[in-house]
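**Q** Sharing a structure with you now.
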Amino acid sequence: MAAHYACRGRNNQKGAKISEHGKGRAIDISGFVLNNGTEVSVLQGWNARTYSKPLRQMHKAACGPFGTVLGPNANRFHRDHFHFDTARYRSGTYCR
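Once you know that position 62 of the sequence shown is 66 in this note's numbering, the rest is easy, because the numbers rise by one and skip nothing.
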């Protein structure tokens, strides 16, 4: 896990709206440990031949159950982790 509850503005920017992390409604995941002990990081695995497809499938599958899903292609703040939160928008799920 990369982050959970933290009372801060979005993307740790001063003056920004309060992050979903600050409301206790978000989690960031930077990697996984497989059953065989292999560690797969989002940063290294996102474009890696072996782990790119499963990481992208995980990212896509989270869209819907979570209101906001951000990953490496979202912006520079999310290049090394997945961000999942429960925020709901009138236009539906926000996935990048």
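Note that CB positions come from ideal geometry on N, CA and C, so glycine has one too.
Quick caveat, the model's predicted, so the values are computed rather than measured.
#1: Exposed or buried, Y55, counting other C-beta atoms within 10 Å across all chains shown (16 or more means buried)?
#2: Decide yes or no for the touch test of the segment 34-45 against the segment 65-74: beta carbon pairs closer than 8 angstroms, at least 3 of them.
#3: Counting only the same chain and skipping the five closest in sequence on each side, list residues whose C-beta sits under 6 angstroms from that of K27.
#4: Need the endpoints of the alpha helix (DSSP H) that H63 sits in, please.
#5: Only counting the same chain, and skipping five residues up and downstream in sequence, which positions put a Cβ closer than 6 angstroms to that of R100?
#6: Run the CB neighbour count on I22, radius 10 Å, all protein chains shown included, and call it buried at 16 or more, exposed below.
**A** With the given structure in hand:
#1: The sequence position of residue 55 within the sequence shown is 51, counting from 1. That one is buried.
#2: The segment 34-45 vs the segment 65-74: no contact.
#3: Numbered from its first residue, the sequence shown carries residue 27 at position 23. So no residue of the chain qualifies.
#4: In the sequence shown, counting from the first residue as 1, residue 63 sits at position 59. Annotation for H63: the continuous alpha helix (DSSP H) segment containing it runs 56-66.
#5: Sequence index remark: in the sequence shown, residue 100 carries index 96 (1-based). Excluding sequence neighbours, R100 sits near L74, A78.
#6: Residue mapping note: residue 22 aligns to position 18 of the sequence shown, counting from 1. By the neighbour-count rule (16 or more Cβ atoms within 10 Å), I22 is not buried but exposed.
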